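Report on the following structure.
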Amino acid sequence: MATDWFPLWLSLRVAAVATLLSLAAGLWAGWWLAKPPFRGRTLLHSAVNLPLVLPPTVLGYYLLVLLGQNSPIGRFYEWIFGAPLLFTWQAAVVAAFLYSAPLVAQSVRLALESLDPHWERAAQSLGATGWSVFAHITLPLTWRPVLAAAVLAFARSLGEFGVTLMIAGNLPGRTQTLAVAVYDATERGQGAAARMLVLVISAAALAALWAAGRLSARQAV
Amino acid sequence: MISARIRKAFPASPPSPALVLDVEFSAEPGITALYGARGSGKTAALEAIAGFIRPDAGRILLDDAIVFDAAAQVHMPARLRRCGYVFPEPALFPHMSVRRNLEFAAHQRPRLERRRRVNEALERFQLTEAAGKKPHQLSEPQKQRAALARALIGEPKALLVDDPCRGASASLRLAFRALLLQIRSEREIPILFATSSLEDCLEVAERMLVLQEGRILQTGTPRRVVEQPASFEAARCLGLYNLLPAEIKALDPSRDSSRLKLDQVELAGPYFPGRFLGDRVWICVRPDQLVARPRDGKPGPNQMPVQLLRATELVQNVRLEFTGDVAVEMSRADFEPHRHTKEWVVEFPPGALRVL
Numbered sequence: 713m714a715t716d717w718f719p720l721w722l723s724l725r726v727a728a729v730a731t732l733l734s735l736a737a738g739l740w741a742g743w744w745l746a747k748p749p750f751r752g753r754t755l756l757h758s759a760v761n762l763p764l765v766l767p768p769t770v771l772g773y774y775l776l777v778l779l780g781q782n783s784p785i786g787r788f789y790e791w792i793f794g795a796p797l798l799f800t801w802q803a804a805v806v807a808a809f810l811y812s813a814p815l816v817a818q819s820v821r822l823a824l825e826s827l828d829p830h831w832e833r834a835a836q837s838l839g840a841t842g843w844s845v846f847a848h849i850t851l852p853l854t855w856r857p858v859l860a861a862a863v864l865a866f867a868r869s870l871g872e873f874g875v876t877l878m879i880a881g882n883l884p885g886r887t888q889t890l891a892v893a894v895y896d897a898t899e900r901g902q903g904a905a906a907r908m909l910v911l912v913i914s915a916a917a918l919a920a921l922w923a924a925g926r927l928s929a930r931q932a933v
Numbered sequence: 086m087i088s089a090r091i092r093k094a095f096p097a098s099p100p101s102p103a104l105v106l107d108v109e110f111s112a113e114p115g116i117t118a119l120y121g122a123r124g125s126g127k128t129a130a131l132e133a134i135a136g137f138i139r140p141d142a143g144r145i146l147l148d149d150a151i152v153f154d155a156a157a158q159v160h161m162p163a164r165l166r167r168c169g170y171v172f173p174e175p176a177l178f179p180h181m182s183v184r185r186n187l188e189f190a191a192h193q194r195p196r197l198e199r200r201r202r203v204n205e206a207l208e209r210f211q212l213t214e215a216a217g218k219k220p221h222q223l224s225e226p227q228k229q230r231a232a233l234a235r236a237l238i239g240e241p242k243a244l245l246v247d248d249p250c251r252g253a254s255a256s257l258r259l260a261f262r263a264l265l266l267q268i269r270s271e272r273e274i275p276i277l278f279a280t281s282s283l284e285d286c287l288e289v290a291e292r293m294l295v296l297q298e299g300r301i302l303q304t305g306t307p308r309r310v311v312e313q314p315a316s317f318e319a320a321r322c323l324g325l326y327n328l329l330p331a332e333i334k335a336l337d338p339s340r341d342s343s344r345l346k347l348d349q350v351e352l353a354g355p356y357f358p359g360r361f362l363g364d365r366v367w368i369c370v371r372p373d374q375l376v377a378r379p380r381d382g383k384p385g386p387n388q389m390p391v392q393l394l395r396a397t398e399l400v401q402n403v404r405l406e407f408t409g410d411v412a413v414e415m416s417r418a419d420f421e422p423h424r425h426t427k428e429w430v431v432e433f434p435p436g437a438l439r440v441l
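Protein chains in written order, with the working numbering: chain A, 713 to 933; chain B, 86 to 441.
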């Protein structure tokens, strides 16, 4: 039996979209978390990292309630896109996003905190605008660890399983991602198909870890 | 010209205790030293002028332009103030070569002029050969020169220097002072130099402000401040003086004389204008102005019997610390024969006595 490659393509697409969203959200959250202590920082920190500690089933349950057709968010989504969110590949993106965004936020925070505050002040005193400081100082000194985090986020998204199964389901050819397909194949006793997918996921994860390691090891200076 | 009135409260943020900065001063072109220990508010004052922090109250003028005015809600951003700033660490951008660091600082100039300025600055600060190096490849003196070159390339209205020699070697300090004097001779701008070294002040500064716990204790030429501290706190801050509590027992303006009671001893001194009988004062006298002798019979006039606690080697002299919080400096040759003597007398030459 020929291996069905649809789960691989779907997972790549889900992971790519989720990574882009995580980068946007993670940059924003990480930037806030790196600022000097402000009221509510601990709360923001906890909220960002909550998905990492909640059981996937609990998170999935929340999302079913929060994004369902009876919820305001679900109805709003349907009003905009003309179709419900749950049990589509976009729902899988939401699931992957919840696990990859905290990784990016954490990395952005650490990268920003490692910057010497004197550099930013020096740039300001030399007449640099906020944008110029970001483009010439902050970005060149932080893009490597942030990119490394994005690569890890991508790998994490490729393998997302629990929440995906709960809110996107296991619809072959529509929402069946790699990890879900492995589960499905194993359940049905299709060892050969499972083996192939397992190898693909493992290779992708290893490659991502290697790339992230290389990126963080090389200094910007 | 800088004219600043700055008030700002900093809450305690361990390890630093709370600080209320409350200063008012002006600085003409030339070098003005802000002298004080760590935590005295030197850095905060510079940061307020540069625009890195926003004071709670006050007003700051740079060349007659108001850059901060609490009442009028004016707070010009740092990038518009044109203050050259030199940080405690060189703070060169680590991913840029020396040349790129300078180019970044001159980015507002047209390209050709920028190149000319950068080349001039590189030559001026003996950095031409190091132009292509990244900051971590530079020697310490090169880093200092690069930081100064970068701060000056935009023709700032003032140069703010925040103790870049903290923990530096003696030779690096000397080199930095020479650089500052050179800049002073070339540019008609006020240079504020925060330092915790009295030598720095004496060697390069035309004026100095003595800061302690956010307040200015004294202002004046370094020579005058060192020789005539204005208050007990200023004298203690300088760390140069014996400060001994005493009581005025007699005052005679016609003979320009006085008598002071210090512990059990009565000392003759000059007349102290503005003091009254019975005033409790601090005798303020430098260790090198006192004379120490091994005790030999009964103490003579203006001599106080003391016991030697400790002798510390200085470059040429020996610093002797005695009971009663008295320290005396004497030459090593004079001290050597009496190294093991315990009982001494300290003589207070009447002319050297000052009271605070």
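Note that the Cβ used here is the ideal one computed from N, Cα and C, for glycine as well.
Quantities reported herein were computed from a predicted structural model and do not represent experimental measurements.
Candidates the options: closest to residue i by CA position
i, options, result
"residue 167/B", "152/B, 300/B, 159/B", "152/B"
"residue 920/A", "863/A, 760/A, 875/A, 756/A", "863/A"
"residue 808/A", "903/A, 768/A, 837/A, 845/A", "768/A"
"residue 838/A", "196/B, 235/B, 223/B", "235/B"
"residue 728/A", "893/A, 860/A, 870/A, 917/A", "870/A"
"residue 816/A", "755/A, 867/A, 725/A, 883/A", "867/A"
"residue 105/B", "343/B, 177/B, 218/B, 124/B", "124/B"
"residue 378/B", "356/B, 425/B, 349/B", "425/B"
"residue 261/B", "393/B, 219/B, 210/B, 273/B", "210/B"
"residue 280/B", "121/B, 107/B, 101/B", "121/B"
"residue 135/B", "244/B, 199/B, 114/B", "244/B"
"residue 874/A", "825/A, 833/A, 770/A", "770/A"
"residue 347/B", "363/B, 341/B, 337/B, 340/B", "363/B"
"residue 205/B", "231/B, 225/B, 130/B", "231/B"
"residue 853/A", "255/B, 335/B, 180/B", "180/B"
"residue 446/B", "293/B, 223/B, 114/B, 130/B", "The requested residue 446/B is not part of the displayed model; chain B covers only 86 to 441."
Residue i vs residue j beta-carbon contact at 8 Å
i, j, result
"residue 155/B", "residue 137/B", "no"
"residue 380/B", "residue 428/B", "yes"
"residue 264/B", "residue 276/B", "no"
"residue 191/B", "residue 239/B", "yes"
"residue 95/B", "residue 831/A", "no"
"residue 295/B", "residue 301/B", "yes"
"residue 440/B", "residue 366/B", "yes"
"residue 894/A", "residue 910/A", "yes"
"residue 87/B", "residue 147/B", "yes"
"residue 819/A", "residue 857/A", "yes"
"residue 879/A", "residue 798/A", "yes"
"residue 420/B", "residue 396/B", "yes"
"residue 212/B", "residue 227/B", "yes"
"residue 214/B", "residue 203/B", "no"
"residue 726/A", "residue 801/A", "yes"
"residue 370/B", "residue 433/B", "yes"
"residue 407/B", "residue 388/B", "no"
"residue 314/B", "residue 290/B", "no"
"residue 824/A", "residue 746/A", "yes"
Chain-ordered neighbours of residue i on chain B, where CB pairs are closer than 8 Å
i, result
"residue 742/A", "Under the 8 Å cutoff, chain B gives no residues; its nearest Cβ is about 20 Å from residue 742/A."
"residue 716/A", "Here the premise fails: no neighbours, minimum Cβ distance about 47 Å."
Integer-rounded CB distance, given that residue j should sit under 8 Å from residue i
i, j, result
"residue 431/B", "residue 403/B", "The pair is not a contact, with the Cβ atoms about 14 Å apart (cut-off 8 Å)."
"residue 415/B", "residue 405/B", "7 Å"
"residue 246/B", "residue 171/B", "4 Å"
"residue 285/B", "residue 176/B", "Not quite, the Cβ-Cβ distance comes to about 20 Å (not below 8 Å), so this is no contact."
"residue 199/B", "residue 140/B", "The Cβ separation is near 34 Å, so there is no contact."
"residue 437/B", "residue 349/B", "Wrong, their Cβ atoms sit about 21 Å apart, outside the cutoff."
"residue 780/A", "residue 786/A", "5 Å"
Under 7 Å by beta carbon: chain B residues contacting residue i
i, result
"residue 828/A", "176"
Neighbouring residues, chain A, relative to residue i (Cβ below 8 Å)
i, result
"residue 135/B", "833, 837"
"residue 357/B", "Ordered by position in chain A, no residue passes the 8 Å Cβ test against residue 357/B, which lies about 48 Å from the chain."
"residue 172/B", "830, 833, 834"
Which residues, in chain order, does the stretch 183-210 of chain B contribute to contact with chain A at a C-beta distance below 8 Å?
-> 189, 190, 192, 193
Residues of the stretch 830-853 of chain A with a CB closer than 8 Å to any CB of chain B: list them in chain order, please.
-> 830, 831, 833, 834, 835, 836, 837, 838, 839, 840, 841, 844, 848, 849, 852, 853
Interfacial residues, the stretch 211-244 of chain B to chain A, with Cβ spacing under 9 Å = 219, 220, 221, 232, 235, 236, 238, 239, 241
Chain A contacts from the stretch 157-170 of chain B (Cβ-Cβ distance under 9 Å) | 162, 163, 164, 165, 166, 167, 168, 169, 170
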